[in-house]
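One structure is given here, and the rest of the page talks about it.
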């Protein structure tokens, strides 16, 4: 077995026993990168020399691939955008600082949809990423590079970010475990903002145990992010020991299983997953999330609105691309942004600016925030009746390049992941099976209440073992 | 539903080509038509949710700490003079 095939737990054990060093891992990953990246395109950059320098400082550290919007000092951070080509981070994000102190080192920058806007990684301006299970198909997105790196055994584990499903959907497409933590569980400091009231960093791994270890390493209060409460971080690794589904009340939202557009194979795999849980002792409970039908609409107001404000910082003044054609400050802004941003980012900036513009604020953003409260209440009421919700992760398996041309059709990929993002609760994607034709992986989603990651990981772990 | 894409792009400080405007116009109108379904929901008396978890008064100790050194902060500058970012003239008539 090659070192790059290992997950976090096995790697850490091997490092502890002195079977290999962090440098050996980096070299194995670098060789794998040279062998495989031209085909898969998971990485944008893999700086072996820099990774070896970090490995020399910390010879027992596990290398982790990092989505290209999380800042690592001295490394590029392009967010998959031309506007940040050549940018070098001046500091470490809190998640990077945290994981370094817990025996991990950042190793390579993985591709993503530009500024995390997309569901296929096709919106990256800097490279194509292919699904390692079928290279004619997308890896999902926006954390498509992270998922392809994990699924294609091109890393030990990866960090991704999830705003409306960007960890869970690619995890489902590439057969990995993905965890979107509750809003506030993980610091966003040093993570380039897309939609600030929704963004969360989370682990993408080869097993639930690995996700528990990596989440434990990055989570916690950060005084640089005022939305991270001081709640202590439980020992997630210990929490999953002896995980069982016996007596666990699993909620099935009737609104999720009734919708059209769910691929029959996804439906079959999800229903089989539910049946397996029941056979393992879980009690199935029907729950209702009555405002589900409005979640997409709420999201596509709130996320672009926040994005339009966040992306105002890319103005060609302090960093990033500056247009050579600018004559004055106004054209410096408008031309630098026109040249630097890709079409989906432009579309969302315009959408966001429109819904926030004078006269429209109350009927769009203001109203969307109120409907968001109702969506949150739906989850509160559902969790009064069950421990965890089980649902599909994405309505289809990985699709082909260019298959979803219309923006609104592409947005529907996040149908099952957006409601829990809006509610701020935690959710996972766990591999559940393969389609009978084409053998494409499909993940099942578990959702638990806010700051109930220990419970979420236990349920996910118990399911993984079935 | 008609969106003046050119005007909104101006507000967003984004120059669009005529081709881009022609592509975005129907796409955005389609998205706006879709999101308008939230107008059906009765939100009378419902408080807005601003964040995934409502926190108030997230204070930290008010202590002086070193910030990024100027050289580090300027390292990614597209253009600079000394310790400053270089920009085209902003105020009419001012020395540039």
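Residue numbers (my numbering), protein chains in the order written: chain S, 15 to 480; chain H, 115 to 210. C-beta: ideal position from N, C-alpha, C; glycine also.
Notebook entry, point to check: Who does residue 482 of chain S pair with in a DSSP beta bridge?
Noted result: Because chain S in this structure spans residues 15 to 480, residue 482 of chain S falls outside the shown range and cannot be described.
Notebook entry, point to check: For residue 414 of chain S, which of helix, strand or coil comes out of DSSP?
Noted result: As a position in the first chain, residue 414 of chain S is number 400, starting the count at 1. If DSSP states are grouped into helix, strand and coil, residue 414 of chain S belongs with the strands.
Notebook entry, point to check: Which partner residues of residue 145 of chain S appear in the DSSP bridge assignment?
Noted result: Translated into the one-based positions of the first chain, residue 145 of chain S becomes position 131. S/148, per the DSSP bridge assignment.
Next item on the list: State buried or exposed for residue 215 of chain S, treating a residue as buried only when at least 16 other CB atoms are found within 10 Å of its CB.
Entry: The residue given as residue 215 of chain S occupies position 201 in the first chain. Per the 10 Å Cβ criterion, buried.
Next item on the list: Run through the stretch 367–428 of chain S for me and flag every whole beta strand (DSSP E) of 3 or more residues, listed as ranges in chain order.
Entry: 402–406
Notebook entry, point to check: Using a beta-carbon distance below 7 Å, is residue 429 of chain S in contact with chain H?
Noted result: Here residue 429 of chain S is taken as the residue at index 415 of the first chain, counted from 1. Taking Cβ atoms only, chain H never reaches closer than 7 Å to residue 429 of chain S, which makes this a no.
Note to self: Can you give me the C-alpha to C-alpha distance between residue 1 of chain S and residue 31 of chain S, rounded to a whole angstrom?
What the structure shows: Because chain S in this structure spans residues 15 to 480, residue 1 of chain S falls outside the shown range and cannot be described.
Check: Would residue 85 of chain S be called buried (16 or more neighbouring beta carbons within 10 Å of its own) or exposed?
Finding: Within the first chain, numbered from 1, the residue matching residue 85 of chain S stands at position 71. Counting Cβ neighbours within 10 Å, residue 85 of chain S comes out buried, since at least 16 surround it.
Next item on the list: Determine, using beta carbons only, whether residue 193 of chain S and residue 442 of chain S come nearer to each other than 7 Å.
Entry: Against the first chain, residue 193 of chain S aligns to sequence position 179. Against the first chain, residue 442 of chain S aligns to sequence position 428. Against a cut-off of 7 Å, the Cβ pair of residue 442 of chain S and residue 193 of chain S comes out as a contact.
Check: Could you give the distance in angstroms between the alpha-carbon of residue 236 of chain S and the alpha-carbon of residue 165 of chain S?
Finding: By 1-based counting over the first chain, the position of residue 236 of chain S is 222. By 1-based counting over the first chain, the position of residue 165 of chain S is 151. Using only the alpha carbons, I get a separation of about 31 Å.
Margin query: residue 208 of chain S and residue 412 of chain S - do their beta-carbons sit closer together than 7 Å?
Written below: Locating residue 412 of chain S in the first chain gives position 398, counting from the first residue. Locating residue 208 of chain S in the first chain gives position 194, counting from the first residue. In this structure, residue 208 of chain S does not lie closer than 7 Å to residue 412 of chain S by Cβ.
Margin query: Under 8 Å, CB to CB, which of the residues in the stretch 180–198 of chain H have a partner in chain S?
Written below: 182, 186, 187, 189, 190, 191, 192 and 193
Check: chain H beta carbons: is any one of them nearer than 7 Å to that of residue 194 of chain S?
Finding: Locating residue 194 of chain S in the first chain gives position 180, where the first residue counts as 1. It does not: the Cβ of residue 194 of chain S has no partner Cβ on chain H nearer than 7 Å.
Next item on the list: Compute the Euclidean distance between the alpha carbons of residue 319 of chain S and residue 65 of chain S, then round it to the nearest angstrom.
Entry: Counted from its first residue, the first chain places residue 319 of chain S at position 305. Counted from its first residue, the first chain places residue 65 of chain S at position 51. One C-alpha to the other measures close to 37 Å.
Checklist line | Spatially closest choice to residue 336 of chain S from S/18, S/97 and S/81, by CA coordinates | finding: Counted from its first residue, the first chain places residue 336 of chain S at position 322. Nearest option by C-alpha distance: S/97.
Note to self: Below 8 Å on the Cβ atoms is my contact criterion, and I expect residue 142 of chain H with residue 316 of chain S to pass it. Report the Cβ-Cβ distance as a whole number of Å.
What the structure shows: Numbered from its first residue, the second chain carries residue 142 of chain H at position 28. Numbered from its first residue, the first chain carries residue 316 of chain S at position 302. Not confirmed; about 16 Å, so no contact.
Note to self: Buried or exposed, going by whether 16 or more other CB atoms sit within 10 Å of the CB of residue 173 of chain H?
What the structure shows: The residue labelled residue 173 of chain H in the question sits at position 59 within the second chain. Result: exposed.
Check: Straight-line CA distance for residue 264 of chain S to residue 222 of chain S?
Finding: The count along the first chain starts at 1 and reaches residue 264 of chain S at position 250. The count along the first chain starts at 1 and reaches residue 222 of chain S at position 208. Between residue 264 of chain S and residue 222 of chain S, the C-alpha separation is close to 18 Å.
Notebook entry, point to check: In the stretch 336–365 of chain S, which residues sit with their C-beta less than 8 Å from some C-beta in chain H, listed in chain order?
Noted result: 336, 340, 341, 342, 343, 344, 345, 346, 347, 348, 349, 351, 352, 355, 357, 360, 361, 363, 364 and 365
Next item on the list: Give a yes or no on whether the C-beta atoms belonging to residue 460 of chain S and residue 382 of chain S are separated by under 7 Å.
Entry: Translated into positions along the first chain, residue 460 of chain S becomes position 446. Translated into positions along the first chain, residue 382 of chain S becomes position 368. Contact flag unset, no.
Item checked: Contained beta strand (DSSP E) runs [length at least 3] in the stretch 149–224 of chain S, N- to C-terminal order -> 172–176, 191–194 and 214–219
Check: Alpha carbon to alpha carbon, what distance is there between residue 122 of chain H and residue 136 of chain H?
Finding: The sequence position of residue 136 of chain H within the second chain is 22, counting from 1. The sequence position of residue 122 of chain H within the second chain is 8, counting from 1. Computed Cα separation, rounded: 14 Å.
Next item on the list: Could you tell me the boundaries of the beta strand (DSSP E) in which residue 57 of chain S lies?
Entry: For this step, residue 57 of chain S is matched to residue 43 along the first chain. For residue 57 of chain S, the uninterrupted beta strand (DSSP E) segment begins and ends at 57–59.
Check: Is it right to say residue 210 of chain H is buried, meaning 16 or more other beta carbons lie within 10 angstroms of its own, or is it exposed?
Finding: The residue labelled residue 210 of chain H in the question sits at position 96 within the second chain. Residue confidence is low: residue 210 of chain H scores 44 on pLDDT, short of 50, so the model does not pin down where it sits. Its coordinate-derived value is still stated next. That one is exposed.
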